[in-house]
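Residue numbers (the numbering used here), protein chains in the order written: chain Z, 27 to 333; chain V, 2 to 540.
Using N, Cα and C, we set each Cβ at its ideal position, and we do this for glycine too.
Next up, the structure:
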């Protein structure tokens, strides 16, 4: 299995290369540059700046320089955070995004999983309808609505949690952002588990398990649930990559210094290097989590083997 | 048979949720005593004063560094590192005498050489200073900044450690105003030589202002603490400041209402009515030195016809825009130079559009007549494309203006770009009929607004105005040392502008702010300048 994993990772290198190349040139197609702001610059000043940032070279040379630097781990200076390199910004922001994202993922998995199982076991009961309703609600209400409402209710009116902000090492400011991030995932996980569980409960191997007289706890908890987890795992792979690399909405509404905002800030301000940096990080996360999903399949589903 | 499981699973879900929440809430809240939490409109791009350009950077740097002269709480000019200064009779030479107790945060004295070094540094082309041109009135500044002369030729000298002499190329009565801009701030030579571009990192940065930098994390906060080396440290009441960047004004408002932030530099416009009601005196609104206007591409037919430009301006109901589109957060604008500016003719003589007080119905009639004279009307409609940079406010304003033009038989289409693309188009391609633009004064002087229309100002002359008479008046004003006579020349130039209307002034900006009742010393002013050193915080 290790060999398989390594082969997959090696196979991902061209993918990431294509992503980087496409992103690099797409960014440059957008009109305007990093120094076009409301106050237009004098021609000479603009030339001075372009020269200082290597933007006056031909595009192909800039591209080769960027690739060369990237291979050495240098993602270049940021244009909008001019006192920082892209590497420093990502290094500071990534742990924050990963912390929030993994807590949200955990919450979504536990709560969504439990709700889904309950709903499946009591199909068409009041509990089931409630779970389905809540899940639909969770999927349809966007987080740019949920976030300000939570912040207003718990931060301003009830005053039990911070309305926003971040304190490294403090948990209170994480509650509302984590809940906001987790809600739609709870909903999706609950629905997936419910559906897969209903199917699993009527499948042959579960019926066989019951026929053997295994306790219901084992039948549901081990045999049915294991099969029901497969679709959830396929869903959570890409979802995890997205969650762990931060959310623009949640970060800007709660004032969290993650990396989710950098992509949008970078794109809007033509901060070429910052956009490229976030693209690389997101691409790597997606590749890695797709691999993790495939490996987990082998663990959960005895029919899957990688040799 | 399965009846037991649901209860288990429900319990599991409840426990999982509860455990997560309780672990999290159990964490202690941090102490906030004696810290002023200051909400700003965003992060600084850089803390190198020579590379800055934004108002957020101006606010932060005003707390960290002190120039020769500074803005006081009311944005007036006050002595900074210079305790006094004189101006030669020809209006060209300023001699500043420095105070002897000014110190850098590492204990070094602040000397005249620091200012010579700093002004030369900002003009050196390799520095890549975005705002270098603001100091172009200094003799040879432009030549140095464009690499035609060495930095030593710049008109700044230090005859002795406590005297700075700045020589101008032409008289500039607003020069002291210019020096309050962050480009005039000194930098610490020793730390730049030791650390290069990294001299702005918290562990390296040496400052001479009331505060020194403790930490800076983008999208999180910038922390500074009071410098005991500061000459006026006894008068500085607040010990620690946390600058919080807010991309969304509504976020700052929520945190203000939750008591987590003491001031917000801006409020969400659409909520002004309800903010006024809820927060009362904590809501501040004040005139601001800025104009919101529509540039008309007067180099392109049919907009080269002044009748058409006048008709377009006549038909715009500015009071409606101010009250309805901008919820009273902007003032109707009938001039390019905003009211309240320094060095100008008295307010009641200041140039305004001749139809400022004419009822809208009469203005529309005149506009229809003008368009008819120019050959347009309901049977031959005029097509206009309005370009603006994407933002809800700009979209609403453009939509309203399109509606106001419609009765004149004008068909409006829109071209929306994001900010860099919009301004790149205005500067380079110049492919627009009518384009939104705005200008916030860098310093309080009419020249800073009127220079936008000089025929050789390729970067900002979005109306593509080319009137030798206007250029001549501006040049004459540039040579005039008598302030009253200069103001008259500038006013004449603005009258020409308002007659020819290459850019349609629409609104004057106001600044809005939320200021906690715990925070005292905050004075509303046209520059929206509020140095922390003049503020104090009650518990």
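Residue 302(V) carries a coil assignment under DSSP once its states are collapsed to helix, strand and coil. Between the stretch 411-431 of chain V and the stretch 261-273 of chain V, the count of Cβ pairs shorter than 8 Å is below three; the stretches do not touch.
Three or more beta-carbon pairs separated by less than 8 Å are not found between the stretch 423-430 of chain V and the stretch 469-476 of chain V, which leaves the two stretches without contact.
Around the C-beta of residue 512(V), 16 or more other C-beta atoms lie within 10 Å, and the residue is accordingly described as buried. By the Cβ neighbour-count rule, residue 514(V) is buried, with 16 or more other Cβ atoms within 10 Å of its own.
With a contact defined as Cβ atoms closer than 8 Å, residue 122(Z) and residue 283(Z) qualify at about 6 Å. Along the stretch 107-126 of chain V, going in chain order, the ones with a CB nearer than 8 Å to a CB of chain Z are 126. For residue 139(Z), the enclosing alpha helix (DSSP H) has its first and last residue at 112-147.
With a threshold of 8 Å between beta carbons, residue 424(V) makes contact with chain Z. Straight through space, the alpha carbons of residue 225(V) and residue 242(V) are spaced by roughly 5 Å. One Cα belongs to residue 83(V), the other to residue 57(Z), and the distance between them is close to 45 Å. Listed by position along chain V, the residues whose Cβ is nearer than 9 Å to that of residue 38(Z) form an empty set, because the closest Cβ is around 29 Å away. The Cβ neighbour count for residue 155(Z), taken over all protein chains shown within 10 Å, is under 16; the residue is labelled exposed. For residue 364(V), the closest alpha carbon among the candidates 382(V), 393(V), 406(V) is that of 406(V).
Where residue 98(V) is concerned, the enclosing beta strand (DSSP E) starts and stops at 94-99. In its chain, beyond the 5 residues on either side, 95, 139, 156, 157 have a beta carbon closer than 7 Å to the beta carbon of residue 167(V). DSSP assignment within the stretch 475-515 of chain V yields the following whole alpha helix (DSSP H) runs of 4 residues or more, N-terminal first: 484-501.
For residue 437(V), the enclosing beta strand (DSSP E) covers residues 435-441. Residue contact with chain Z for residue 54(V): present (Cβ-Cβ distance below 8 Å to some residue of chain Z).
The continuous alpha helix (DSSP H) containing residue 205(Z) extends over residues 201-227.
Annotation: the stretch 236-295 of chain V contains the following complete segments of the beta strand (DSSP E) (minimum length 3 residues), in chain order: 241-246. DSSP places residue 463(V) in the coil class of the three-state scheme, outside both helix and strand. Chain order gives the chain Z residues near residue 245(V) as 191, 281, where near means a beta carbon separation below 8 Å. Look at residue 251(V): its C-beta is under 8 Å from a C-beta on chain Z.
According to DSSP, residue pairing for residue 36(V) in a beta bridge involves 241(V). In this structure, DSSP gives residue 329(Z) a state outside helix and strand, which the three-state scheme calls coil.
Residue 110(Z) reaches chain V at 219, counting residues in chain order whose Cβ is nearer than 8 Å.
Taking a C-beta cut-off of 9 Å against chain V, the contacting residues of the stretch 167-182 of chain Z are 174, 177, 178, 181, 182, listed in chain order. The beta carbon of residue 388(V) is closer than 6 Å to those of 416, 433, 436 in its chain, skipping five residues each way along the sequence.
Comparing alpha-carbon positions, the option among 130(Z), 298(Z), 43(Z) lying closest to residue 80(Z) turns out to be 298(Z). The three-state reading of DSSP puts residue 149(V) in coil, since its state is none of H, G, I, E or B. By the C-beta criterion, the stretch 302-318 of chain Z is judged to be in contact with the stretch 255-268 of chain Z, since at least 3 inter-stretch pairs fall below 8 Å. Collapsing the DSSP output to three states places residue 87(V) in a strand. Identification of residues in the stretch 452-469 of chain V having a C-beta nearer than 8 Å to some C-beta of chain Z yields 459, 460, 461, given in sequence order. Taking C-beta separations shorter than 6 Å and ignoring five residues to either side along the sequence, the partners of residue 216(V) in its chain run 203, 224, following chain order. Distances from the alpha-carbon of residue 106(Z) to those of 46(V), 74(V), 93(V) put 46(V) closest.
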